């Protein structure tokens, strides 16, 4: 029996077998030594008519097939809303799909590929990338990546001019580790699955409909087993041998064998067809992956009962639960403000929380603190974002808090660190001291939080007292003018009890007055009035005498005329005036009582100082608490946990060893790896992954995690988030709708047609792929009380952020930037416009550019580095052609390029810059003479691009462009910014130079941008008369102090709330005051706040408080 007959004999004896199982049976039964490659080769070629292979790569003898093939279907057979949405998004993705790779096979210039002689996953010589490709990617590494293509289709086509050309189009595209390649020039593949090249498939099949092409791709993936579970994934040998068998009608010019790649150059091939050749190409970064398509296809088959209890189910059913807030005590290893704290408390308990965070408001702080607290409370968390940088930032921030790793960053680059950490965890043994230190830190933490809560209640009490005083004072202010300021002031010394007791006396007097008034008597009394009148006049006089003293203290004089029938009306008016005056005096007295309570209440600054001290202690203690809690982790692990970790580390080390040798680990190893990973949830309960790489790394199970956190959600399409929401019970969605949003190549008309096609044009219009980002969908599903807006801005100088604050954020941001930390350009304005009269050029292909602006940008960069500026620098522009133009000009000056690299330099488009920041940003507008209507239209409808561009700057923003053309371009945000810069340039600079500490008895003329109230002037002059000169409108960072006293090293800021007089102090005003106090405390200032009421009605006490401070 020959080998072919022995293989058939093995297959007749049992169930379907994989090649490696056939090899074992051949060895045991026939003592035949053969490898799996040889067995697969025989089955695919010599026995292809007798044997067949299923999706799990198991061989069996061929049977008749009904020819049915699973394909991407329309919504006609889809019943659940999730099924309809999944098919809808699959078709949207197909229309938005990457174009693929197709380049000229030969060229008289540099080739657009770099042929390799051996496959990187096999042992052999190192494969290097040619320099011209390396340089191209280095110039635009945010847009381009390296791809490996194999096998190679050579296709002939005829151009419009009649000339024929050959194109090289790889069938499959493998992801190359581009960062590694740029560093060493060496090809190393990532662990991502290969994807079919749509260009090649289109050339072979003739299919040009994107939906049909995606259907072909999905079907082929299924047949090749690319999306199989890890333990059933085929080797590359198996996959390509099977491809030849499945597509035998394709034009195969070579047998596929990755171990023996074609050595003949691709450029010399002249016969169309598929060759056993491989090459490195440059491709654009892919928007989508095979994993997402597979996840959506799997979701389309899931019944409603299985997804209803996931976060995704509640969104689809519009049944997001009621708002909830965690009653657990937060730990704060990162300092938080009130809004950040609220976001975390909501996120720990509510079904859906949306956090909107404008630039520099601490979104990453929220995410890191939320993850820490969720883990501390025993919850499992999946953190995700579309870009690797956002995921890395949060992963690093969380794991850097202590020496114990908390987050599991999924991906091969992080395996060595993880292996070392888990190995150390197995050998760690907490001591009794660790337990006692944890308990002590917990007690301190609880006590500090109680203290902070008490301080907050005191602050709220002071604000309530102030608002009460303001409300009462508003109602009695009219009496100050009506009754005179002297009488008004005299009411302070009156006793409220005596005023209240006067009312019954007045009432009694009224009774006696009525009895003494003849006109009010009965007929009988009137008839004998002379007999009654004397005694009644006497009793009335006694009453009048008894209240005369009270009346005098209220400024009402008792009539001097004796009481008789002719003067009775005078006494009636007296009682009426006295009653009214007493009522007004009581109201005024209540004002003074409230004012006295306010005066005796704790000072808000003193409370702010206490709160800051306690908060600083909370942050310090929280780090200890978190660290001690993690130190005790080994004691919380069960024996099974330890076994799982040990097995996982062993598997991880095998994978690492294989990858270091540039080998592909065995499928069984990967199978065990992915099986064990979910069991690590006890130890690493927070996972981090990009939204497009969850497939195969995170189990597709409903509610697998307690919480999913998705960052940069404004840029995220809904399709890529669906599988993540399905994997969690609750969701926190974070983004900023005023920055970059999800962009799609699908038109609104196409989108509406697709929504109608899949029956989603009614209830699910808000799920539109083209017009709705994940952030907007989440906001539409979220309870209003669960939408948290972060407002404290800590990144940029006020001159930079104030334009966006006004134009995009409705002046809701509170600028809390620490100016002393900014790397400003010495002696230069924070915001500058460099006026350049350039020419905007729009070629037939590509975007707009402006050479004159590009030259000015390079000139300004040279000036900055030549002057010794050491901060980081970035250049941003809306147009890719301009970015490349500027980068080319920089590269032509090697010295400048080298010096810029030392300053963390980045030049890119706005889209690539979101999430990044630099000390100095140069913005090239490009808009100038010659700008096209298309470019203007693009900029008009993308105001968010401009918002992103200018808010990348921390210390300085330099705009390069033609200010007049920008102003008249019709682009509202360009016009607005030109006006804003002009306002900045025309204002007088705020400075404390030539400071005069004694400005005389009258309030001096000052340079300020804030309104000065009369009460500040009044207090200034009163203090001066008391021998206390002050400095008005003293500038500290972005703050103008009402009055300042500098006494050696001691500094006092005196604030008068004149601006907020008769304005209710709400939480927002209180928050702004707390922020201001906190910054001044950090800068060594004391603060004394006086309310207007105190300045006007209690000046003596105000002066005494300042004297106390001066000592």
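Residue numbers (our numbering): 3 to 1113.
The C-beta atom is built at its ideal place from N, Cα and C for all residues, glycine as well.
All values derive from a computational prediction rather than experimental measurement.
| Check | Outcome |
| --- | --- |
| Can you tell me whether DSSP reads residue 1036 as helix, strand or coil? | strand |
| Note down the Cα distance separating residue 1095 from residue 385, rounded to an integer number of angstroms. | 52 Å |
| According to the neighbour-count rule (16 or more other Cβ atoms, all chains shown, within 10 Å of its Cβ), is residue 447 buried or exposed? | buried |
| With a Cβ-Cβ cutoff of 9 Å, do residue 546 and residue 565 count as a contact? | yes |
| Can you round the beta-carbon distance between residue 453 and residue 608 to whole angstroms, since I take them to be within the 8 Å contact cut? | About 14 Å; that fails the 8 Å criterion. |
| If you run the structure through DSSP and keep just helix, strand and coil, what is residue 784? | coil |
| Could you check where the alpha helix (DSSP H) with residue 775 kicks off and where it finishes? | No alpha helix (DSSP H) contains residue 775, which DSSP labels as neither H nor E. |
| Do you know offhand how far residue 841's Cα is from residue 887's? | 14 Å |
| Could you tell me which of 1083, 140, 27 and 1002 sits nearest to residue 893, measuring between CA atoms? | 140 |
| For residue 309 and residue 353, I'd like the C-alpha separation in whole angstroms. | 15 Å |
| Starting from residue 1055 and walking both ways along the beta strand (DSSP E), at which residues does that stretch end? | 1052–1058 |
| Out of curiosity, what's the CA-to-CA distance linking residue 67 and residue 45? | In this prediction, residue 67 scores a pLDDT of 48, lower than 50, which makes its location untrustworthy; the coordinate-derived value is nonetheless stated afterwards. So the two alpha carbons sit approximately 18 Å from each other. |
| Pull up the CB-CB distance for residue 149 and residue 219, whole angstroms please, since I reckon it's below 8 Å. | At roughly 16 Å, the Cβ-Cβ gap does not stay under 8 Å, so residue 149 and residue 219 are not in contact. |
| Any contact of the stretch 699–718 with the stretch 364–376, i.e. 3+ C-beta pairs under 8 Å? | yes |
| Would you list the one or two residues that DSSP bridges to residue 286? | 146 |
| Look at the alpha carbon of residue 135 and the alpha carbon of residue 204, and state the distance between them as a whole number of angstroms. | 26 Å |
| Mind checking which residues open and close the alpha helix (DSSP H) that includes residue 718? | Here residue 718 belongs to no alpha helix (DSSP H), and DSSP marks it neither H nor E. |
| Between the stretch 661–681 and the stretch 232–246, do at least 3 Cβ pairs fall closer than 8 Å? | yes |
| Helix, strand or coil for residue 157 per DSSP? | strand |
| DSSP has residue 106 in a bridge; who is on the other side? | 169 |
| Rank 209, 239 and 244 by C-alpha distance to the C-alpha of residue 226 and give the top, closest one. | 244 |
| Roughly how many angstroms separate the alpha carbons of residue 686 and residue 761, rounded to a whole number? | 42 Å |
| How big is the Cα-Cα spacing for residue 524 and residue 514? | 15 Å |
| Would DSSP call residue 75 helix, strand or coil? | With a pLDDT of only 42 at residue 75, under the threshold of 50, the placement of this residue in the model should not be trusted; the figure read from the coordinates follows. The answer is coil: DSSP assigns residue 75 none of H, G, I, E or B. |
| Leaving out five residues before and five after residue 439 in sequence, what residues of the same chain have Cβ atoms less than 7 Å from its Cβ? | 630 |
| Rounding to the nearest angstrom, what Cα-Cα distance links residue 29 and residue 48 in this structure? | 20 Å |
| Who are the Cβ neighbours of residue 788 in its own chain at under 8 Å, not counting the five residues just before and after it? | 325, 348, 352, 354, 355 and 356 |
| Between the Cα of residue 750 and those of 110, 1078, 738 and 763, spot the shortest distance and give me the residue it belongs to. | 763 |
| Go ahead and pull the three-state DSSP assignment for residue 18. | coil |
| Looking only at its own chain, which residues have a Cβ that is under 6 Å from the Cβ of residue 907, when we skip the five neighbours before and after it? | 875 |
| Considering only the alpha carbon of each residue, which of 680, 114, 916 and 335 lies closest to residue 698? | 680 |
| Look up residue 33 in the DSSP assignment and give the residues it is bridged to. | Residue 33 is not bridged to any residue. |
| Would you grab the beta carbon distance between residue 949 and residue 741 for me? Rounded to a whole angstrom, and I think it's under 8 Å. | 6 Å |
| For residue 117, which beta-bridge partners are listed by DSSP? | 281 |
| Which of the three DSSP states is assigned to residue 397 in this structure? | helix |
| Roughly how many angstroms lie between the CA atoms of residue 718 and residue 734, to the nearest whole one? | 14 Å |
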